[in-house]
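Enquirer: This is the structure I want to talk about, given as structure tokens.
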Amino acid sequence: MAEPLLRVDNLKTQFFTDAGTVRAVDGISFEVHEGEIVGLVGESGAGKSVASMSLLRLVESPGEIVGGEITYRGETIFGLEEGPDGELRERDDMLSNEEMRDRIRGNEIAVIFQDPMESLNPVFTVGGQLREFIELNRGLGEDEAREESVEMLREVGIPDPAERYHEYPHQFSGGMRQRVLIAMALACEPNLIIADEPTTALDVTVEGQILELVDDLQAKYGTSFIWVTHDMGVVAEICDRVNVMYLGEIIEQAPVDELFHDTKHPYTTALLNSMPRPDRTVEELEPIRGVMPEAINPPSGCRFHPRCPDAREVCKRVHPGNEVVDRADGTPHRAACVKHDVFDVGYDESVPLEEEPQVTAGTPGGEDR
Amino acid sequence: MGLLRYTIVRLIQAIPVLIGITVITFILANVAPGDPVRLMLQGQEVDQELIDRIERQYGLDRPLHERYVAYMTNLLQGDLGYSIHRDRPVTELIIQRSGPTLMLVLSAYAFALATAIPLGILAATRRNEPADHVSRIVALVGVSTPSFWIGIMLILIFAIQLGVLPSSGLVYPWWGPEHYGYSGYVELLFQTIRHLLLPMIALGTLQMATLMRVERTQMIESLQGEYVKLARAYGVPERTILRKHAFQVAQLPIITIVGLNLSTALGGAVLIEYVFNINGLGRLLLEAIIGLDYQLIMGITVVIGTMFVVGVIITDISYAYVDPRVTYGDRD
């Protein structure tokens, strides 16, 4: 397979708070290839947004990327090395803040944010904001950038773009604003777009239109996408490959068809069972029991074990990595669950866990301090 | 079709407010203890007939509502009455004294805004660092110190101890350099600023302190906005974000506060004019109150009230101009 567009290797992003260290992203690895739509799925708080912001090195304080490597087209967005005194330091080939700002953000990797109502600046015209980003990231002059802005507004399906160019965000509906945000991302002609729950704030009909639009535009421009969502339905509709995140880790990674039809991780199964599916008639939806613990003090062993229907005694002790458990047409299917043979830690002999009271949050003052 | 219509509507809305101001001041002035005629006679023993004659001459024997109508009729013709004590028309006195007060209040605001905005932004970007703590202390001191005390301290330090700045009076540039015997306009400007500096700081400190805190809070909030994240994600340099994206949104409450604080500023001007011996409207009002010069008190109150109403209208209009979300009463 060709060199991936983006390679994320063992990325760790942590938040240093008064209550302790929050391991929001705890060693995730994935790749994005040219022209692919890669899903990043999980419940709220799984670390999806922090992971995607880490890719642009835009994690806000007190958050910090503490480990791992991010490579984009052979350039190092983030990378550490061991210095002569044993301390970890940023590698020399890592892009500087200025390079990230001038060369990567916007013109190579663009973002579509999740909140169309808040993401546009209320005191500037929609067109002016779009034009600013085009000028900045494509080096066009003001007039050219203006023409391009109007063109992009038309492209994302905004009627009368020349007139609406001069309007303010509050004069646009939520769906129209989301189209503007998509126009911003596409107008900068990036190779990768990170879409951070772009349809979550919209109603279902508008969501459908937006997904269709993205599909069309993706086919036209060949842009790669990282699609961050908690909605398995959206994943099924547009993604090529999927990464399922739980508590800062990727626990299953597979092409979309394998993920849906040959699910390898109990959490993914639970996610799929908790949403309505046209191909399965059920009396009642099965919600995942309990809530996700906080990343400040994750459960021992497999982080999902307190909520897992398949959990056995060994799951409390062994923390599984994300290993290849199957292959479909040469594409690896990874899952982090010890019930698969590759792990060989004695799952079959282990005693099933009694249903225990839910661990809902880590106790501050634990070992993380 | 916004701004012009909005302005006209606001001006029409101001009419009842202005009428209210005149009614209240008129009633207050007339029910206040103290008989203007006896006061005018300054305790001389005179017979009742003379008093009655004077009252008739000034219309004081007529019922209150008739006197109010007469007052309003004159007011609409620009006649605010006659100051018995000063033997001059009130309108003339007010016009003469408005210049210094406006100069003082406007310069105090200029000083407050010019210092509060950069300091507020600095405090917002260096949150919980030394610069922020210093600005917090400055703001606290500024808010809690009376302006006249600041004025007296400034005089003690800069006029008396150091002797670098004058302690009283203002130079009015509209009188021209010849009036003061200055060599030219450069010296006139220099002297104007020199004289204005201390009263301006004394009056502006309170405004500066309030505005600085508001600016800081607004900038912090604005900098956490999603639109700032968006701008960062598209590679907009941090300086542009600060100056443009975050700044513009943060200024909206500042405009409101400037407008609303106009009343405190005008009130503060009374004291500052007294401390610095400035012949402005505030000092005139104070002297009129002490001398129970009713016509003058009323005239000044009406003028200051009008200034405040106009200030609020200007605030509203500029708010609508700066914030596109503010509609002018009619949608699209």
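Protein sequence lines, in the order shown, are assigned to chains Z and E.
If you count by our numbering, then the first sequence holds residues 9 to 377, one letter each, in order.
If you count by our numbering, then the second sequence holds residues 2 to 333, one letter each, in order.
Ideal Cβ placement from N, Cα and C applies to all residues, glycine included.
As the structure is a prediction and not an experimental result, all values here were calculated from the model.
For E:TYR320, go through chain Z and note every residue whose CB falls closer than 7 Å to its CB, in chain order.
Expert: If you number the second sequence from 1, residue 320 of chain E lands on position 319. The premise fails here: E:TYR320 is roughly 11 Å from chain Z at the closest Cβ pair, so nothing lies under 7 Å.
Enquirer: Output, in sequence order along the chain, the residues in the region 143 to 156 of chain Z whose CB is closer than 7 Å to any CB in chain E.
Expert: Taken in chain order, the members of the region 143 to 156 of chain Z whose beta-carbon sits within less than 7 Å of a beta-carbon on chain E are LEU144, ASN145.
Enquirer: For E:ARG217 and E:GLY143, which I take to be in contact (beta-carbon distance under 8 Å), what is that distance rounded to the nearest angstrom?
Expert: To locate residue 217 of chain E, count along the second sequence from 1; it is residue 216. To locate residue 143 of chain E, count along the second sequence from 1; it is residue 142. In fact, because the Cβ distance is near 13 Å, the residues do not count as touching under 8 Å.
Enquirer: Quick one, are the C-beta atoms of Z:MET283 and Z:MET240 less than 8 Å apart?
Expert: Translated into the one-based positions of the first sequence, residue 283 of chain Z becomes position 275. Translated into the one-based positions of the first sequence, residue 240 of chain Z becomes position 232. Yes, the Cβ-Cβ distance between Z:MET283 and Z:MET240 is below 8 Å.
Enquirer: Determine the direct distance from the alpha carbon of E:HIS246 to that of E:VAL229, and round the result to whole angstroms.
Expert: Here the question's residue 229 of chain E lines up with position 228 in the second sequence. Here the question's residue 246 of chain E lines up with position 245 in the second sequence. Each residue's alpha carbon lies about 7 Å from the other.
Enquirer: First and last residue of the alpha helix (DSSP H) that includes E:TRP176?
Expert: One-based indexing of the second sequence puts residue 176 of chain E at position 175. Segment: none, E:TRP176 is in no alpha helix (DSSP H) and carries neither H nor E.
Enquirer: Note down, in chain order, every chain E residue with its Cβ under 8 Å from the Cβ of Z:PRO130.
Expert: For the purposes of this step, residue 130 of chain Z is taken as residue 122 along the first sequence, with counting starting at 1. Going along chain E in sequence order, the residues near Z:PRO130 (Cβ under 8 Å) are TYR228, VAL250, ASP324, PRO325, ARG326.
Enquirer: How about the region 23 to 32 of chain Z and the region 293 to 304 of chain Z: do they share at least three Cβ pairs that are nearer than 8 Å?
Expert: Below 8 Å, enough C-beta pairs join the region 23 to 32 of chain Z and the region 293 to 304 of chain Z to call them touching: three or more.
Enquirer: Z:PHE132: which of E:LEU163, E:LEU212, E:ILE242, E:MET154 sits nearest, CA to CA?
Expert: As a position in the first sequence, residue 132 of chain Z is number 124, starting the count at 1. Per the Cα distances, E:ILE242.
Enquirer: Taking only beta carbons into account, state which residues of the region 80 to 110 of chain Z come closer than 7 Å to chain E, listed in chain order.
Expert: ARG109, ASP110
Enquirer: Do Z:TYR176 and Z:VAL158 come within 8 Å of each other at the CB atom, strictly closer than that value?
Expert: The residue labelled residue 158 of chain Z in the question sits at position 150 within the first sequence. The residue labelled residue 176 of chain Z in the question sits at position 168 within the first sequence. No, the pair does not count as a contact, with Cβ atoms beyond the cut-off.
Enquirer: Less than 6 Å between C-beta atoms, sequence neighbours within five positions excluded: which residues of the same chain meet that for Z:PHE312?
Expert: The sequence position of residue 312 of chain Z within the first sequence is 304, counting from 1. TYR254, TYR275, listed in sequence order.
Enquirer: If I measure Cβ to Cβ from E:LEU4 and keep anything under 8 Å in the same chain, skipping five residues before and after, which residues do I get?
Expert: Here residue 4 of chain E refers to the residue found at position 3 when the second sequence is read from its first residue. Same-chain partners within the cutoff: ILE318, ALA321, TYR322, TYR329.
Enquirer: What do you get for E:ALA289, buried or exposed, if any count of 16 or more other CB atoms within 10 angstroms of its CB means buried?
Expert: Looking up residue 289 of chain E in the second sequence gives position 288. Burial of E:ALA289 is indicated by the presence of at least 16 other C-beta atoms within 10 angstroms of its C-beta.
Enquirer: Report the three-state DSSP secondary structure of E:VAL70 (helix, strand or coil).
Expert: To locate residue 70 of chain E, count along the second sequence from 1; it is residue 69. E:VAL70: helix per DSSP, three-state reduction.
Enquirer: Starting from Z:MET160 and walking both ways along the alpha helix (DSSP H), at which residues does that stretch end?
Expert: Locating residue 160 of chain Z in the first sequence gives position 152, counting from the first residue. Its alpha helix (DSSP H) spans residues 150 to 163.
Enquirer: Mind checking whether Z:LEU194 and Z:LEU225 have CB atoms under 8 Å apart?
Expert: Here residue 194 of chain Z refers to the residue found at position 186 when the first sequence is read from its first residue. Here residue 225 of chain Z refers to the residue found at position 217 when the first sequence is read from its first residue. Yes, Cβ-Cβ distance for Z:LEU194 and Z:LEU225 is below 8 Å.
Enquirer: Over the uninterrupted alpha helix (DSSP H) stretch that includes Z:ASN251, give me the two end residues.
Expert: Looking up residue 251 of chain Z in the first sequence gives position 243. Counting along the chain, Z:ASN251 falls outside any alpha helix (DSSP H), though it belongs to the beta strand (DSSP E) covering 249 to 254.
Enquirer: With a CB to CB cut of under 7 Å and the five nearest residues on each side skipped, what residues in its chain are close to E:LEU65?
Expert: The count along the second sequence starts at 1 and reaches residue 65 of chain E at position 64. Excluding sequence positions up to five before and after E:LEU65, its CB lies within less than 7 Å of the CB of ASN31, all in the same chain and listed in chain order.
Enquirer: Starting from the Cα of Z:ASP352, find the closest Cα among Z:THR339, Z:VAL322, Z:VAL359 and give me that residue.
Expert: As a first step, residue 352 of chain Z is located in the first sequence; it is residue number 344 there, counting from the start. When C-alpha distances from Z:ASP352 are compared across Z:THR339, Z:VAL322, Z:VAL359, the shortest belongs to Z:VAL322.
Enquirer: Can you give me the start and stop residues for the alpha helix (DSSP H) that E:ARG57 sits inside?
Expert: On the second sequence, position 56 is the one that residue 57 of chain E refers to. Looking at the DSSP string, the run of the alpha helix (DSSP H) that includes E:ARG57 is 49 to 58.
Enquirer: Excluding the five sequence neighbours on either side, which residues of its own chain have a C-beta within less than 7 Å of the C-beta of Z:LYS56, listed in chain order?
Expert: Working through the first sequence from its first residue, we reach residue 56 of chain Z at position 48. Here the set comprises LEU48, GLY50, VAL236, MET253.
Enquirer: Do you know how far the Cα of E:ALA234 is from the Cα of Z:TYR80?
Expert: The sequence position of residue 80 of chain Z within the first sequence is 72, counting from 1. The sequence position of residue 234 of chain E within the second sequence is 233, counting from 1. If I take the Cα positions, the gap works out to 16 Å.
Enquirer: Let me make sure I understand the geometry here. Which of Z:ASP168, Z:ARG342, Z:HIS178 has the alpha-carbon closest to that of Z:MET125?
Expert: On the first sequence, residue 125 of chain Z is found 117 positions in, with the first residue counted as 1. Checking every option, the nearest Cα to that of Z:MET125 belongs to Z:HIS178.
Enquirer: On a CA-only basis, which of Z:GLY183, Z:TYR229, Z:LYS228, Z:VAL188 is nearest Z:THR207? Give me that one, please.
Expert: Taking the first residue of the first sequence as position 1, residue 207 of chain Z is located at position 199. Here the closest residue by C-alpha is Z:GLY183.
Enquirer: Just confirm the distance between the C-beta atoms of E:ALA367 and E:SER148, as a whole number of angstroms; I'd bet it's less than 8 Å.
Expert: The shown model of chain E, from 2 to 333, leaves out residue 367 of chain E, and the question about it has no answer.
Enquirer: Please name the residue or residues paired with Z:ARG97 in a DSSP beta bridge.
Expert: If you number the first sequence from 1, residue 97 of chain Z lands on position 89. Per DSSP, Z:GLU89.
Enquirer: Assuming Z:ASP101 and Z:THR84 form a contact by the criterion Cβ under 8 Å, report the distance between their Cβ atoms to the nearest whole angstrom.
Expert: The residue labelled residue 101 of chain Z in the question sits at position 93 within the first sequence. The residue labelled residue 84 of chain Z in the question sits at position 76 within the first sequence. In this structure Z:ASP101 touches Z:THR84 by the C-beta definition: roughly 5 Å separates them, less than 8 Å.
Enquirer: If we define contact as Cβ-Cβ less than 8 Å, is E:ASP331 a contact residue for chain Z?
Expert: As a first step, residue 331 of chain E must be located in the second sequence, where it is residue number 330. With a pLDDT of 48 at E:ASP331, under the threshold of 50, the predicted position of this residue should be treated as unreliable, and no value is reported.
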